[in-house]
Amino acid sequence: MPHQPTNRKFNKIGQRNQNWNWTEQVKVEGDAFMVISAIQNRGTTHNGPFGHLFADTRRILQSFTQWKVSFGRREENKMAHRLARFSLTVDHPVSWFEEPPDIIFLSFIGE
1 MPHQPTNRKF NKIGQRNQNW NWTEQVKVEG DAFMVISAIQ NRGTTHNGPF GHLFADTRRI
61 LQSFTQWKVS FGRREENKMA HRLARFSLTV DHPVSWFEEP PDIIFLSFIG E
């Protein structure tokens, strides 16, 4: 039987979202068409193993004033993929404010 989320978990998620009150808009882009479609189609029931994940994602997004989930081809999202791969090699928190990390800078020069 799939994992059933509890109201307590959703309350915790809601409390966590209150900490994000500095933003009212959330935009999610992805290149997995079926995943993006499943998140967008709130009237559709997904009984598969990821159905609860899609419902949870929609519920979290609905806690924001404005939100949008959209599909973008992988070619349009190269930098995000590079950053995601880069994050797998880092074993400590990374943040930058003025100069981008080398992986971004070198990618722009190479393109």
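Position 84 (the sequence shown) corresponds to 84 in the UniProt record's numbering; numbering is contiguous.
Built from N, CA and C at the ideal position, the CB exists for glycine as well.
Report, in whole angstroms, the separation of the C-beta atoms of residue i and residue j, which I expect to be a contact under 8 Å.
| i | j | result |
| --- | --- | --- |
| Ser63 | Glu29 | With a Cβ gap of about 19 Å, Ser63 and Glu29 do not count as contacting. |
| Ile39 | Arg58 | 6 Å |
| Arg74 | Asp31 | 4 Å |
DSSP state of residue i, grouped into three classes?
| i | result |
| --- | --- |
| Pro2 | Only weak support is given to the placement of Pro2: the predicted model assigns it a pLDDT of 49, under 50, and the value that follows is read from those uncertain coordinates. Here Pro2 sits in coil by DSSP. |
| Val35 | helix |
| Glu29 | strand |
| Phe97 | coil |
| Asp102 | helix |
| Glu75 | helix |
In angstroms, rounded to a whole number, what distance separates the CA positions of residue i and residue j?
| i | j | result |
| --- | --- | --- |
| Asp91 | Phe54 | 29 Å |
| Glu99 | Phe105 | 9 Å |
| Met79 | Gly72 | 13 Å |
| Gly48 | Ile103 | 37 Å |
| Met34 | Asn77 | 17 Å |
| Ser87 | Lys27 | 21 Å |
| Glu24 | Thr89 | 32 Å |
| Phe97 | Gly51 | 37 Å |
| Pro93 | Ser37 | 32 Å |
| Ser95 | Ser107 | 18 Å |
| Thr65 | Pro101 | 32 Å |
| Asn41 | Arg85 | 29 Å |
Would you kindly report the start and end of the unbroken beta strand (DSSP E) that includes residue i?
| i | result |
| --- | --- |
| Ser87 | Run containing Ser87: none in the beta strand (DSSP E); it sits in the alpha helix (DSSP H), Lys78 to Ser87. |
| Phe71 | Gln66 to Phe71 |
Tell me where the alpha helix (DSSP H) around residue i begins and ends.
| i | result |
| --- | --- |
| Phe54 | Gly51 to Leu61 |
Apart from the five residues just before and just after residue i, which ones in its own chain have a Cβ nearer than 6 Å to its Cβ?
| i | result |
| --- | --- |
| Trp67 | Val26 and Leu61 |
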